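These notes are about the structure you will find just below.
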Amino acid sequence: MPQTNPFHSLVPRKMTDSELARSIRLNIEAELDAINLYAAHIDATDNEEAKAILRHVMDEEREHAALFWQLIARLDPEQAQHDREASEKYRLITTGAPHEEVEAVGKEG
Numbered sequence: 171m172p173q174t175n176p177f178h179s180l181v182p183r184k185m186t187d188s189e190l191a192r193s194i195r196l197n198i199e200a201e202l203d204a205i206n207l208y209a210a211h212i213d214a215t216d217n218e219e220a221k222a223i224l225r226h227v228m229d230e231e232r233e234h235a236a237l238f239w240q241l242i243a244r245l246d247p248e249q250a251q252h253d254r255e256a257s258e259k260y261r262l263i264t265t266g267a268p269h270e271e272v273e274a275v276g277k278e279g
């Protein structure tokens, strides 16, 4: 009879939010790697059935990455601030604002 330790997946302590955010960033990296891998598989085959399954799974990975990113914004207030500033910079860049105005975002005060 196989011997399995029922406690093998228990961790010795709980993570802080900062540690969890670092771990979630690694999860995002894995999700993005998976998306790129599935996209390469789609490009490399003419099998429409396989492409349909791969697209479905790839879309789920995209959702996972997006959910993880939202979680990081809640776990890491500094990251949340960078996200807000990046959104404002994006808006300014895409509406033709001067470089100086874009670079001033986040430096007010």
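Residue numbering for the sequence shown follows the numbering used here, starting at 171 and increasing by one per position.
Cβ atoms here follow ideal geometry from the backbone N, Cα and C, with glycine treated the same way.
None of these values were measured; they are calculated from a predicted model.
Self-check item: Pairwise C-alpha distance: Ala204 and Asn197
Solution: 11 Å
Quiz item: For Asp213, does the count of other Cβ atoms within 10 angstroms reach 16, so buried, or fall short, so exposed?
Solution: exposed
Quiz item: Taking DSSP as the reference, what is the three-state secondary structure of His234?
Solution: Here His234 sits in helix by DSSP.
Exercise. Write down the C-beta distance between Ile223 and Ala191 rounded to the nearest angstrom, noting that I regard them as a contact closer than 8 Å.
Key: About 32 Å separates the two Cβ atoms, so there is no contact after all.
Quiz item: What do you reckon, are the CB atoms on Ala256 and Leu202 nearer than 8 Å?
Solution: No.
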